[in-house]
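Colleague:
Number of protein chains: 2
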Amino acid sequence: MTRWDHFAIGCAILVAATASTLARADDQDVIDYRQHIMKTLEEQAAAISQILQQKAPAENFNIHVQILAITAATAQKAFEPKVLGGEAKADVWVRWPDFAKRLDALTAATADLASTAKAGGLAAAAPKVQTALNCKSCHEIYCVEKKK
Amino acid sequence: MTRWDHFAIGCAILVAATASTLARADDQDVIDYRQHIMKTLEEQAAAISQILQQKAPAENFNIHVQILAITAATAQKAFEPKVLGGEAKADVWVRWPDFAKRLDALTAATADLASTAKAGGLAAAAPKVQTALNCKSCHEIYCVEKKK
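From first to last, the protein sequence lines are chains F and U.
So that you can map any letter, position 102 of the first sequence is 101 in numbering that gives the first Met the number 0, and since no number is skipped, the others follow by simple counting.
So that you can map any letter, position 73 of the second sequence is 72 in numbering that gives the first Met the number 0, and since no number is skipped, the others follow by simple counting.
1) Inspect the beta-carbon positions of A125(F) and L102(F) and report whether they are closer than 9 Å.
2) For T131(U), which of helix, strand or coil comes out of DSSP?
3) Residues of chain U with CB closer than 7 Å to the CB of T70(F), please, in chain order.
4) Using the C-alpha atoms, what's the distance from D90(U) back to C137(F)?
5) Mind checking if T109(U) is an interface residue toward chain F, Cβ cutoff 9 Å exclusive?
6) Hey, E144(U) and K38(F) are a contact pair by Cβ (cut 8 Å); roughly how many whole angstroms apart?
7) Mapping DSSP to helix, strand and coil, what is A175(F)?
8) Excluding the 5 residues flanking I47(F) on each side, which residues of the same chain have their C-beta closer than 8 Å to its C-beta?
9) Compute the beta-carbon to beta-carbon distance between Y32(U) and A113(F), rounded to the nearest angstrom, for a pair I have assumed lies under 8 Å.
10) Within the 9 Å Cβ cut-off, does D90(U) reach chain F?
11) Let me check you understand the geometry: is the CB of Q129(F) closer than 8 Å to at least one non-hydrogen atom of the ligand MN?
12) Flag T106(F) as yes if its beta-carbon sits less than 9 Å from any beta-carbon of chain U, otherwise no.
13) Quick one: which chain U residues come within Cβ less than 8 Å of I36(F)?
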C-alpha cells in the first residue's frame with residue numbers, strides 16, 4: 000500500500016468524540032506523531048532557506064514563517080511522553096528541563112519571526128532567521144542525526 | 000554533511016532585499032520547493048489521521064488543521080513553473096486548469112475544516128476530514144506515487 004492508502008484508511012476511522020487521553024496510542028504512535036511535527040519544521044525551514052537564497056517565491060515567506068511558528072508550538076507536547084526511539088536521544092528526557100526550555104525558546108523566536116515578517120516583510124525578518132532557526136544547537140545534543 | 004548542515008549554510012546566506020522573481024532558481028530548486036510543501040501537507044494529514052484514531056493528542060487537532068489550510072494555499076504557486084520531475088506527472092501542466100481547480104478545492108475545503116474546528120472543535124470538524132483530505136483522488140492522476 001502507498002502512504003496515501005494508509006492515510007485513506009486513517010481518514011475512514013472518523014472519531015466524532017473528542018479524546019484528551021491517548022488510551023490507544025502505543026510507543027510507535029508517539030514516535031510517529033513527534034516525527035510528523037519535526038519533519039514539518041524541517042520542510043518549512045528548508046522552504047524558508049530556499050527563499051533567502053532567492054530559489055523560491057519570496058511572496059510565500061510570511062506564510063512559511065507563520066507555519067513554522069504554529070508548528071513549533073506543538074512540539075513540546077509531542078515529546079512529553081517518555082518514549083525512546085526514532086531520532087530522539089535519551090537525553091531528551093534525562094535533561095527534560097533544558098530540552099523544554101529550548102523548545103520554549105524556539106517557539107518564542109519563531110513567533111517573533113512571524114510577527115516581524117507580518118509587520119515588515121522579508122527584509123525585516125531575514126536577519127532574524129539564523130537566530131530563530133538555530134536547529135543545529137539542539138540537534139547536536141538531542142538528536143541522532145541521520146546522514147543523507 | 001547532514002541536512003541541518005545544509006540548512007545552516009542556507010541560513011548563513013541572508014538576503015535582506017525582497018525578490019519577487021526567481022532569477023537564480025534552477026529546475027531542482029523548483030522541484031525541491033514544491034516537495035517541501037507537499038511533504039508538509041503529508042505530515043500534517045498524517046498527524047490529523049493519528050488524532051482521529053486517538054493515537055495523538057486531540058488538543059492539537061485545531062492547530063494541525065490550521066497548518067494544513069495555510070500550507071494548502073501555498074501549493075498552487077509552487078506548481079506554476081512547468082518543471083517536470085520529482086513525483087509530479089506531466090499531466091499537472093498538460094491539464095493545468097483541472098489541476099489548479101483541484102488545488103483551489105483543497106484550499107477551500109481545508110480552510111472550511113479549520114474554521115469548523117475553530118468554532119466547534121474536533122467533534123464538529125471530524126466528519127469533514129475525509130472530504131477535505133481526499134488526497135488520493137488527485138494523486139492517482141497527477142502523482143508518481145512512491146511505494147513505501
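Each residue gets a CB set at the ideal place from its N, CA and C atoms; glycine is no exception.
These numbers come from a predicted model, not from an experiment.
Modeller: Checking against the coordinates, here is how it stands:
1) Taking the first sequence and counting its residues from 1, one reaches residue 125(F) at position 126. Taking the first sequence and counting its residues from 1, one reaches residue 102(F) at position 103. For A125(F) and L102(F), no; Cβs fall outside 9 Å.
2) Taking the first residue of the second sequence as position 1, residue 131(U) is located at position 132. Position check: residue 131(U) holds Ala in this sequence, whereas Thr was assumed. If DSSP states are grouped into helix, strand and coil, A131(U) belongs with the helices.
3) Reading the first sequence from its first residue, position 71 is the one you call residue 70(F). Residues of chain U whose Cβ lies closer than 7 Å to the Cβ of T70(F) are, in chain order, I66.
4) By one-based count along the first sequence, residue 137(F) stands at place 138. By one-based count along the second sequence, residue 90(U) stands at place 91. Rounded to whole angstroms, the separation of the alpha carbons of D90(U) and C137(F) is 42 Å.
5) As a working mapping, residue 109(U) is identified with position 110 in the second sequence. Using beta-carbon distances, T109(U) does not count as an interface residue toward chain F, since no partner is under 9 Å.
6) By one-based count along the second sequence, residue 144(U) stands at place 145. By one-based count along the first sequence, residue 38(F) stands at place 39. Wrong, their Cβ atoms sit about 18 Å apart, outside the cutoff.
7) Since the first residue of chain F shown is 0 and the last is 147, residue 175(F) is not available in this structure.
8) Position 48 of the first sequence, counted from the start, is the residue given in the question as residue 47(F). Around I47(F): F60, H63, V64, L67, V128 and L132.
9) Working through the second sequence from its first residue, we reach residue 32(U) at position 33. Working through the first sequence from its first residue, we reach residue 113(F) at position 114. In fact, because the Cβ distance is near 20 Å, the residues do not count as touching under 8 Å.
10) To locate residue 90(U), count along the second sequence from 1; it is residue 91. Chain F, which has no Cβ nearer than 9 Å to the Cβ of D90(U), makes this no.
11) Annotation note on the ligand MN: not contained in the displayed structure, which lists no ligands.
12) Taking the first residue of the first sequence as position 1, residue 106(F) is located at position 107. By the rule that beta-carbons nearer than 9 Å mark a contact, T106(F) does not touch chain U.
13) Sequence index remark: in the first sequence, residue 36(F) carries index 37 (1-based). From the beta-carbon of I36(F), the residues of chain U found nearer than 8 Å are E42 and A46.
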